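Novice:
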Amino acid sequence: MNTTTMPRGDTMIVARGLVKTYGTGTAAVQALAGADLDVATGRFAAIMGPSGSGKSTMMHAMAGLDTVDAGVIRLAGADLTTMTERQRTLLRRTTVGFVFQSFSLVPALTARENIELPLRLAGMRPDGEWVDAITHTLGIRDRLTHRPSELSGGQQQRVAMARALAARPEVVFADEPTGALDSRSGHALLAFLRDAAHEYGQTIVMVTHDPVAAGYADRVDFLADGRVVDGFDDPTATDVLDRMARFDDRRQEVAA
Ligand code: ADP
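FYI, numbering that gives the first Met the number 0 numbers position 229 of the sequence shown as 228, with every residue one higher than the one before it.
#1: How far does the alpha helix (DSSP H) with ILE114 in it extend, from its first residue to its last?
#2: Tell me whether GLU115 is buried or exposed, calling it buried when 16 or more other Cβ atoms sit within 10 Å of its Cβ.
#3: Mapping DSSP to helix, strand and coil, what is ILE72?
#4: To the nearest angstrom, report how far apart PRO6 and VAL13 are at their CA atoms.
#5: Using a Cβ-Cβ cut-off of 6 Å (strictly less than) and excluding sequence neighbours within five positions of GLY152, which residues of its own chain qualify?
#6: In its own chain, which residues sit with a C-beta less than 7 Å from the C-beta of ASN1, not counting the 5 before and 5 after it?
#7: Could you give the residue range of the beta strand (DSSP E) that holds GLN154?
#8: What residue from LEU189, PRO210, ASP209 has the CA that sits closest to ILE203's CA?
#9: According to the neighbour-count rule (16 or more other Cβ atoms, all chains shown, within 10 Å of its Cβ), is ASP68 buried or exposed?
#10: Can you tell me whether GLU169 is buried or exposed, with buried defined as 16 or more other CB within 10 angstroms of its CB?
#11: Going by other Cβ atoms of all chains shown within 10 Å of its Cβ, with 16 needed for buried, is ALA44 buried or exposed?
#12: Starting from the C-beta of GLY33, find all residues in its chain whose C-beta is less than 8 Å away, skip the five residues before and the five after it, and write them out in chain order.
#13: Going by DSSP in three states, MET123 sits in which element: helix, strand or coil?
#14: Verify whether the separation of the beta carbon atoms of PHE221 and ALA62 is less than 8 Å.
#15: Spatial neighbours of VAL98 within its chain, please: CB distance less than 6 Å, with the 5 preceding and 5 following residues excluded, ordered by chain position.
#16: With distances taken from each beta carbon to the nearest heavy atom of the ligand ADP, which residues come in below 6 Å, in chain order?
#17: Mind checking if THR207 is an interface residue toward chain C, Cβ cutoff 8 Å exclusive?
#18: Which of helix, strand or coil does DSSP assign to LEU180?
#19: Mind the definition here: the segment 101-119 touches the segment 72-88 only if three or more C-beta pairs lie below 8 Å; say whether that holds.
#20: Given a cut-off of 8 Å, decide if MET11 and ALA75 are closer than it, judged by their beta-carbon atoms.
#21: By Cβ distance below 8 Å, which residues in the same chain neighbour VAL28 in space, the five residues on each side in sequence not counted?
#22: With DSSP as the reference, label GLN201 as helix, strand or coil.
This is how it looks when you write it as C-alpha cells:
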C-alpha cells in the first residue's frame, strides 16, 4: 500500500494488513492475518476478542515494541514498519506510554520514583504539577513515598498508570488494566482513562476481555483469528456482551 494515501491528523494510529507468524513449518502460528485498525486521536479505544485472537500481538506491534511480517503501521504520523529498532525505541520514548498486565514496577524505587523513571531515562524533567494532578486523580498521592511491596495490587496498577501518563505521551496502550483490581478501583481507573481522553485529548488503546471495561471506551473493535472482524462506536456493556454472544454462537456453529 502507498502510505501517503493513509489517513492522518485525526487518526493517531493506522494499521493496515498486519500479518505476523510465530515459529516455522508445522509449528507456525499465524497471530495476525491481515488486521486493519484505525484509532482516532484523543479517543479511548477498546480491543476485544477471544484468547489467542492476536490482541497482544497487535497492541505490541502498534506500540512499536515488536515488528510485523507484513503490513503498515502509522503511529502519530510516523511509519513504524520502515523504522530501525533504534528509531522505534526513540519514538516510543517520546510518544508511547504502556501499562502492562504485570505492572513492571521497579521494587527498589518508591512509587514517585517509578512514575518519574521513564521521564528521567528520556532525559526529561518531570512536570511536577502534572504528576500531582494525575496522582491526585488516581488517589495515590499519599502513597508516593512507598515502595511497590508496600502497596496493594490496585495501588500498584494505578502507579503503573501514572507512570504511563507522566510524560504526556500521545498514546497510552493498556493491556487488561483492570485485571488486578476490585470492581470499585476498576471503575475509578476506567473513568480516569475516559477523562484523560475527553479532557486532555489523550489517545488510549486498551485490550480487555471485560464488557464493562469496554463500555467506558468510545469505540470497541473485535479481533478473531488475527483479523479485526467487527467494531462500533459508543459501546455499552450490554452491546458488547450481545456481540460476544453472537461470536460464540458462530464459533459453535463452525465447530459443529
Ligand atoms: P491474545 O492477546 O488475543 O490472547 P496473542 O496475540 O497473545 O493473542 O496470540 C495470538 C497467537 O499467537 C496465539 O495462538 C499465541 O499462542 C501465539 N503467540 C503469541 N506470542 C507467541 C510467541 N512469542 N511465540 C509463539 N506463539 C505466540
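Idealized CB from N, CA, C, for every residue including glycine. Predicted model only: the values in this text are computed from it and were never measured.
Specialist: Reading it off the structure:
#1: 110-120
#2: buried
#3: strand
#4: At PRO6, the pLDDT of 42 sits below 50, so the modelled position is not reliable; the number obtained from the coordinates is stated separately. Answer to the nearest angstrom: the Cα atoms are 7 Å apart.
#5: ALA179
#6: At ASN1, the pLDDT of 41 sits below 50, so the modelled position is not reliable and the matter cannot be decided from this model.
#7: No beta strand (DSSP E) contains GLN154, which is instead part of the alpha helix (DSSP H) from 152-165.
#8: LEU189
#9: exposed
#10: buried
#11: buried
#12: GLY16, LEU17, VAL18, GLY70, GLY225, ARG226
#13: coil
#14: no
#15: ALA159, MET160, ALA163, ALA173, PRO176
#16: TYR21, GLY22, VAL28, ALA30, GLY48, SER50, GLY51, SER52, GLY53, LYS54, SER55, THR56
#17: Looking for chain C here will not work: only one protein chain is present.
#18: coil
#19: no
#20: yes
#21: THR20, TYR21, GLY22
#22: coil
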